[in-house]
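Following: one structure in structure tokens, then a few remarks.
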Amino acid sequence: MFRRVELVRGHWDPNDAVGDFASQVPAAGGIATFVGKVRPDGDVEALELTHYEKLTLPGMEKLADEVAKRWQLEGLLILHRVGEMFPGEPIVCVSAAAKHRRAAIEAVDFAMDHLKSNSWFWKREKRAGVWAWIEPREQDHSDLARWKD
Amino acid sequence: MFRRVELVRGHWDPNDAVGDFASQVPAAGGIATFVGKVRPDGDVEALELTHYEKLTLPGMEKLADEVAKRWQLEGLLILHRVGEMFPGEPIVCVSAAAKHRRAAIEAVDFAMDHLKSNSWFWKREKRAGVWAWIEPREQDHSDLARWKD
Amino acid sequence: MPVTLVFLGKLADLAGVDQKQVEGPLDWQGLLDELHGPLGSAARQDRTRIAVNGEVLADKAALEAENGDEVALLPPVSGG
Amino acid sequence: MPVTLVFLGKLADLAGVDQKQVEGPLDWQGLLDELHGPLGSAARQDRTRIAVNGEVLADKAALEAENGDEVALLPPVSGG
């Protein structure tokens with residue numbers, strides 16, 4: 016299985032990454048992708064994602080292991096931006112290639128739920144020049160609960 | 016809501032289409048995408064998708080109406096190739112842009128299930144120089160049943 | 074201008090043509106009279122649908138086509 | 074080389090620094106003695122986790138760090 020799991024430290028284009036990924040998985044019948052962006056929500060001026068070197072990327076690798084174990088994939092791409100970014104900029108890109116459609120879509124869905132609520136990222140937003148840390152959201156925990164066996 | 020629903024008649028790059036689509040939905044927090052290709056399965060030499068002018072595209076438009084009614088989207092892209100194509104070539108691309116992740120992913124999942132089993136396409140494959148029509152698959156009907164209220 | 078019959082998918086193979094003109098008016102029995110052998114059997118199958126000018130009939134036995142109409146014979150879609 | 078404390082997320086704001094060196098060995102009580110005011114309260118919260126050299130402790134009260142170790146204080150991740 017082709018696999019690419021990385022932290023992205025500067026400006027990037029997830030669409031290019033997905034194009035490269037697609038060329039690596041010629042045997043796949045389908046590729047599902049999710050790209051998350053900094054929502055241009057009213058008054059958010061900037062967003063900063065902090066990570067912890069010793070946990071964040073290793074945690075993403077473990078997540079990739081689990082996704083690869085649960086679904087039969089031809090390829091898996093997990094890219095997550097860190098640092099300071101602005102509304103409209105991409106934060107995360109997950110892409111899964113599989114022989115069958117459902118496997119690809121479910122793998123992306125699962126990886127996104129876990130990246131969002133169970134990965135070592137701390138997020139703060141700047142509004143009106145003031146930074147504030149984002150607390151966990153209840154929605155993320157209910158998203159995650161969907162995958163409990 | 017931005018919306019693009021089309022039949023594609025020649026060679027195409029879904030990744031370019033998704034890139035264009037993304038630029039049309041600046042307010043979206045996330046974009047989910049599925050791209051289906053002609054599976055390079057052993058001995059399939061070519062695949063031909065027949066459509067019926069008076070039903071196929073109108074049916075895809077109706078499907079887009081239903082998706083837009085069920086989920087709050089910023090944009091919806093449904094592209095489906097017709098004609099003769101070869102293993103590895105893209106057949107279908109569905110992309111949904113939404114404020115929230117789950118809406119985008121579910122909209123794509125729903126649209127794919129309905130495109131695959133409930134749209135006016137007839138498919139035949141060429142193996143060892145001989146064309147044969149593809150019959151409906153049971154799996155498609157069970158995929159579709161997931162969405163019944 | 075007569076009624077145009079349009080054959081989709083494998084029905085085009087069975088008909089040997091994609092389209093055929095027949096004189097209207099055309100009802101369900103009249104259509105079956107035009108379709109011989111395996112093509113007639115395929116048309117009778119429950120899962121084969123009929124559309125008139127792009128409207129799929131709920132009950133194909135209710136077919137009533139006039140000259141100028143387009144009658145499409147639709148086998149089950151392929152899926153997958 | 075002493076123990077390195079690493080403060081993540083809002084704990085870095087409360088600490089006023091991202092990192093701090095303290096003399097080992099360091100157990101849970103020793104760590105709390107280093108963390109004053111709101112930082113100490115945040116560290117005590119159930120949802121704040123502790124990692125030693127990249128291994129998250131199941132029970133943070135079992136902390137046993139030696140000189141050279143890196144002890145990270147991890148508030149709840151942000152999600153969304």
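Chains as they are written, first to last, in the numbering used here: chain B, 16 to 164; chain F, 16 to 164; chain G, 74 to 153; chain H, 74 to 153.
Virtual Cβ for every residue (Gly too), placed ideally from N, Cα, C.
Small disclaimer: the values here were computed from a predicted structure and weren't measured.
Chain-ordered chain G contacts of residue i [CB-CB under 7 angstroms]
i: F101 of chain F; result: Chain G residues near F101 of chain F: none, gap ~17 angstroms exceeds 7 angstroms.
i: F136 of chain F; result: V150, S151
Residues of its chain near residue i, where Cβ-Cβ distance is below 6 angstroms and the 5 sequence neighbours each way are ignored
i: V109 of chain B; result: F49, I93, V123, A126, M127
i: W148 of chain B; result: R139
i: A88 of chain H; result: F80, L112
i: T71 of chain B; result: W135
i: A47 of chain B; result: A111, A119, I120, V123
Neighbour list for residue i in chain F, Cβ cutoff strictly below 7 angstroms
i: V50 of chain B; result: G45, I46
i: K83 of chain G; result: W148
i: K114 of chain B; result: R54
i: A37 of chain B; result: N30
i: M127 of chain B; result: R116
i: V95 of chain G; result: Chain F residues near V95 of chain G: none, gap ~18 angstroms exceeds 7 angstroms.
i: V33 of chain B; result: N30
For residue i, the three-state DSSP class (helix, strand or coil)
i: L136 of chain H; result: coil
i: G82 of chain H; result: coil
i: L87 of chain G; result: helix
i: I120 of chain F; result: helix
i: Q39 of chain B; result: helix
i: E107 of chain G; result: helix
i: S157 of chain F; result: helix
i: W146 of chain F; result: strand
i: G113 of chain H; result: helix
i: W101 of chain H; result: helix
i: S110 of chain B; result: strand
i: G127 of chain G; result: coil
i: A148 of chain G; result: The sequence as given places Pro at residue 148 of chain G; Ala does not occur at that position. Looking at P148 of chain G - three-state DSSP - the assignment turns out to be coil, as it is neither helix nor strand.
i: V97 of chain B; result: coil
i: K69 of chain B; result: coil
i: E63 of chain F; result: strand
i: R85 of chain B; result: helix
i: V76 of chain H; result: strand
i: P212 of chain F; result: In the structure displayed, chain F extends from 16 to 164; residue 212 of chain F sits before or after that span and is not available.
i: P105 of chain B; result: strand
i: E76 of chain F; result: helix
i: G90 of chain F; result: strand
i: K131 of chain F; result: helix
i: V33 of chain B; result: helix
8 angstroms Cβ shell around residue i - same chain, five flanking residues per side excluded
i: A118 of chain F; result: W86, Q87, L88, A111
i: A143 of chain B; result: D58, E60
i: R54 of chain B; result: P102
i: A83 of chain F; result: M16, R18, L91
i: K93 of chain H; result: T77, L78, F80, E107
i: L58 of chain G; result: The question about residue 58 of chain G has no answer here: the residues shown for chain G are numbered 74 through 153.
i: L159 of chain B; result: D128, H129, S132, N133
i: E128 of chain H; result: none
i: S117 of chain H; result: Residue identity differs from the one stated: residue 117 of chain H is Arg in this sequence, not Ser. Counting only Cβ-Cβ distances below 8 angstroms, and skipping sequence neighbours, we find L105.
Expected contact under 8 angstroms - CB spacing of residue i and residue j to nearest Å
i: V95 of chain H; j: V76 of chain H; result: 5 angstroms
i: G44 of chain B; j: K52 of chain F; result: 6 angstroms
i: T121 of chain H; j: L147 of chain H; result: 7 angstroms
i: P105 of chain F; j: P29 of chain F; result: 5 angstroms
i: V33 of chain F; j: M75 of chain F; result: No, V33 of chain F and M75 of chain F are not in contact; Cβ-Cβ is about 17 angstroms, not under 8 angstroms.
i: V23 of chain B; j: R96 of chain B; result: 5 angstroms
i: E63 of chain B; j: E99 of chain B; result: 5 angstroms
Contact list for residue i against chain F, beta-carbon separation under 9 angstroms
i: K93 of chain B; result: Correcting the residue identity first, residue 93 of chain B is Ile in this sequence and not Lys. Those within 9 angstroms of I93 of chain B in chain F number zero; the least Cβ separation is about 15 angstroms.
Cut-off 7 angstroms between Cβ atoms - residues of its own chain near residue i, not counting five sequence neighbours on either side
i: P73 of chain B; result: none
i: W162 of chain F; result: F125, D128
i: L84 of chain G; result: L112, A115, L146, P148
i: K133 of chain H; result: W101, R122, I123
i: N126 of chain G; result: D142, E143
i: V150 of chain H; result: none
Neighbour list for residue i in chain F, Cβ cutoff strictly below 8 angstroms
i: P151 of chain B; result: The contacting residues do not exist; P151 of chain B stays about 16 angstroms from chain F at best.
i: V79 of chain G; result: Y67
Per-residue contacts from residue i into chain H (C-beta, under 8 angstroms)
i: P73 of chain B; result: G127
i: L70 of chain B; result: A124, G127, V129, A145, L147
Chain H residues whose Cβ lies nearer than 7 angstroms to that of residue i
i: L78 of chain B; result: Per Cβ cutoff of 7 angstroms: no residues; L78 of chain B is ~13 angstroms from chain H at best.
Interface residues of chain B facing residue i [CB-CB closer than 7 angstroms]
i: A42 of chain F; result: P55
i: D124 of chain F; result: I120
Neighbouring residues, chain B, relative to residue i (Cβ below 9 angstroms)
i: V76 of chain H; result: Ordered by position in chain B, no residue passes the 9 angstroms Cβ test against V76 of chain H, which lies about 14 angstroms from the chain.
**Q.** Given 8 angstroms, three or more beta-carbon pairs between the region 84 to 104 of chain F and the region 127 to 147 of chain B
**A.** no
Q.
Taking 8 angstroms as the cut-off, does the region 111 to 120 of chain B touch the region 36 to 55 of chain B (at least 3 CB pairs, one atom from each stretch)?
A. yes
Q. Counting Cβ pairs closer than 8 angstroms, one from the region 129 to 145 of chain G and one from the region 96 to 107 of chain G, do we hit at least three?
A. yes
Q.
Three or more C-beta pairs under 8 angstroms: does that hold for the region 133 to 144 of chain F against the region 49 to 68 of chain F?
A. By the Cβ test, the region 133 to 144 of chain F is in contact with the region 49 to 68 of chain F, since at least three Cβ pairs between them sit closer than 8 angstroms.
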